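What follows is one structure encoded as structure tokens, with my remarks underneath.
There are 2 protein chains.
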Amino acid sequence: MHQIQTTALALFAERGFDQVTIEQVAEAAEVSPSTVYRYFGTKEGLVIHDEYDDRLLAAVEQRLPSGMPMLQAALEALAEISDEHFELDRGPTMHRMRLTMEHPSIQAAGALKVAQLSARTAEQLARARGMAIGQARVVVASLMAAFLTAVVNWYLDEASPEVEPRDFDEYLSDAFVGLASVGAEVRMGDDPGRSDR
Amino acid sequence: MHQIQTTALALFAERGFDQVTIEQVAEAAEVSPSTVYRYFGTKEGLVIHDEYDDRLLAAVEQRLPSGMPMLQAALEALAEISDEHFELDRGPTMHRMRLTMEHPSIQAAGALKVAQLSARTAEQLARARGMAIGQARVVVASLMAAFLTAVVNWYLDEASPEVEPRDFDEYLSDAFVGLASVGAEVRMGDDPGRSDR
DNA sequence: ATGCCTTGTGCAAGTGACTCTCAGTTCCCT
DNA sequence: AGGGAACTGAGAGTCACTTGCACAAGGCAT
């Protein structure tokens with residue numbers, strides 16, 4: 010399975026996503042097309058599939074029952090995964106990100122994956138903390154938005170020659186600071202009848 | 010064009026998204042399949058296409074140069090559009106939402122659309138306010154996350170028989186309050202779990 | 001009027017992603 | 001040994017989507 014994905018990514022790097030058919034992937038990986046579909050479902054799946062979804066969910070789940078503030082749980086969980094994903098595995102991750110950003114169909118599939126992960130996480134959070142599910146969705150969506158923005162900002166800087174790259178941690182930190190300031194503004198500007206500044 | 014979409018949605022309602030081919034849509038709308046593709050690009054496009062994207066962008070743009078706090082601009086713009094979309098146009102909107110939530114391929118296309126709209130909005134914001142683009146992305150992503158959560162919460166309540174529906178405004182307001190509280194928590198717990206640096 | 005360009009539309013053929021069904025193989029459990 | 005679950009492959013079919021071309025209608029200049 011991992012072997013199939015690796016072969017596929019190599020072919021995509023070599024010839025471009027659109028110029029490679031599933032059949033060619035199957036042949037190069039020495040399996041049948043059926044097998045590719047069985048494991049990855051779609052061609053885009055060959056790019057976006059990874060283990061990090063479940064690991065992130067597990068990392069969050071592990072921390073939730075402890076009564077730890079959920080924000081801290083999220084940040085710890087993200088930091089735990091990010092190091093490996095964005096630093097150690099930097100090369101492959103960049104390649105997959107690049108394919109994703111340059112091909113709308115892959116980007117769409119990725120976005121769907123994120124939405125589904127968010128939904129699962131929100132349920133988990135609501136269950137563990139006795140929160141209303143609607144509330145939990147807002148929390149997860151906000152945090153996920155900040156995280157994803159960090160990922161996008163990281164990628165775009167990394168991909169652009171005139172910007173010198175920084176560690177992913179810094180992008181993550183910036184994004185969360187930004188989230189905090191938006192939150193603060195919301196708090197002030199909330200509904201009519203707010204006090205002037 | 011509008012005629013084609015209406016016909017398509019009627020067919021989807023009647024027979025289900027998967028049981029309707031583009032050819033059938035074309036025939037029912039008395040155009041050729043080529044025309045359908047020319048206007049909507051994909052089958053999913055028949056569901057997700059609408060005018061609200063551009064209108065939202067315009068509503069934001071119109072407010073930005075005024076020096077109005079960007080959050081207020083966002084809320085006003087959203088409120089301006091939401092009324093029509095979720096109250097007046099409630100029936101069709103529900104139907105399209107239902108198709109979207111029940112068909113991963115449509116959901117993916119919708120998510121992509123949101124991502125692209127966010128990107129455009131972030132650029133607009135950065136330009137109008139002289140913000141760093143990365144910063145602008147965080148702001149837009151946070152606000153969009155809250156908005157979308159409101160939409161999802163609204164839809165799920167609306168679709169569920171045992172919950173009695175509230176006005177969309179209330180979901181929107183709840184979501185933004187939730188966003189504020191997340192922001193506040195971030196502010197306190199700051200700095201992504203790093204001991205060094 | 002004649003030509004000309006743009007714009008909108010239809011036609012037709014081709015590609016390849018994806019589905020479904022059935023049949024073989026391996027491996028494990030009793 | 002036997003029976004069944006899990007994995008894999010073969011083959012045929014559907015249909016979304018692309019591409020290139022031709023054809024018509026309307027404006028605009030010559």
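Order-wise, the sequence lines are chains W and U.
So the number in this note's numbering is just where the residue sits in the first sequence, counting from 1, plus 9.
So the number in this note's numbering is just where the residue sits in the second sequence, counting from 1, plus 9.
From the three backbone atoms N, C-alpha and C, an ideal C-beta is built for every residue, glycine too.
Since the model is a prediction, treat every value here as computed from it, not as a measurement.
Would you mind stating whether Ala-184/U and Val-147/W have Cβ atoms separated by less than 8 angstroms?
-> At a Cβ-Cβ threshold of 8 angstroms, Ala-184/U and Val-147/W count as neighbours.
Go ahead and label His-94/U buried or exposed: buried means 16 or more other beta carbons lie within 10 angstroms of its beta carbon, across all protein chains shown.
-> buried
Hey, is the region 111-125 of chain U in contact with the region 48-65 of chain U, meaning 3+ C-beta pairs nearer than 8 angstroms?
-> yes
Hey, how far is the Cα of Val-186/U from the Cα of Val-149/W?
-> 14 angstroms
Flag this pair as yes or no: are the beta carbons of Ala-31/W and Lys-122/W separated by less than 8 angstroms?
-> The question names Ala, yet the displayed sequence has Ile at residue 31/W. When the beta-carbon positions are compared, Ile-31/W and Lys-122/W stay at least 8 angstroms from each other.
Using a cut-off of 9 angstroms between C-beta atoms, extract the partners of Ser-169/W located in chain U.
-> The contacting residues do not exist; Ser-169/W stays about 11 angstroms from chain U at best.
Hey, is Gly-143/W's beta-carbon within less than 8 angstroms of any beta-carbon in chain U?
-> yes
Tell me whether Glu-36/U sits in a helix, a strand or coil according to DSSP, three-state version.
-> helix
Can you give the Cα-Cα distance for Asp-27/W and Leu-20/W, rounded to whole angstroms?
-> 10 angstroms
Answer yes or no: do Ile-90/W and Leu-73/W have a C-beta to C-beta separation smaller than 8 angstroms?
-> no
Which of helix, strand or coil DSSP assigns to Lys-52/U | coil
Three-state class that DSSP yields for Met-140/U in the structure shown | coil
Beta-carbon separation of Ala-135/W and Ala-141/W under 8 angstroms?
-> yes
Using the beta-carbon count (16 or more within 10 Å), is Val-34/U buried or exposed?
-> buried
Would you mind telling me which residues of chain U sit closer than 7 angstroms to Val-148/W, beta carbon to beta carbon, in chain order?
-> Gly-187, Val-191
Which chain W residues sit within Cβ distance under 9 angstroms of Asp-183/U?
-> Neighbours of Asp-183/U on chain W, chain order: Gly-143, Gln-144, Val-147.
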